[in-house]
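Right, one structure below, let's go through it.
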Amino acid sequence: MDFEQLDVYKLAETLSDGIWKLVTEWEYFAKDTLGKQMVRSVDSIAANIAEGTGRGSYQDNKRFIRMARASLYETRHWLRQAYKRKLISEQAALGIKPTLEELAPRLNAYLNSIGKTKKQMTNDQ
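Counting from 1, position 67 in the sequence shown corresponds to residue 148 in our numbering; the numbering is continuous, with no gaps.
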């Protein structure tokens, strides 16, 4: 399956776009420090999903999905920092939270599904 068709990839893109919009409104110092780190980590989620699907092996794909999950947790850290430093409002944080909370279980489900179709086909034969 093409990575662009994966719901988990689309969800990661949605999160990335939302955070980008928030960060672009910040003052220079906040953008240059915390903002860049957060954008890099959130962009890395979808990028790792894409790269994993192109690697050609289930093992490599799983490794990249684990990296995507790690980037998600890093993003959560940066969002907490941004909120504590009053760079994002409570309303903005609440707007991002559902996507953030949905993405971790989706990544785990995708990770667990990688390679299962082939195993099931082998067992059925």
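Think of the CB as a built atom: it goes at the ideal place given N, C-alpha and C, for glycine as much as any other residue. Quick caveat: nothing in here was measured; it's all calculated off a predicted structure.
Counting along the chain, Lys143 sits inside the alpha helix (DSSP H) bounded by residues Tyr139 to Lys165. Take the alpha-carbon of Arg150 and the one of Trp101: they are about 19 Å apart. Annotated three-state conformation of Ile195 is coil, per DSSP.
Under the rule that a run must span 3 or more residues, no beta strand (DSSP E) segment is found entirely inside the segment 87–145. By the CB criterion at 8 Å, Leu96 and Leu184 fall inside the cutoff.
By the C-beta density criterion, Thr134 is buried, having at least 16 other C-beta atoms within 10 angstroms.
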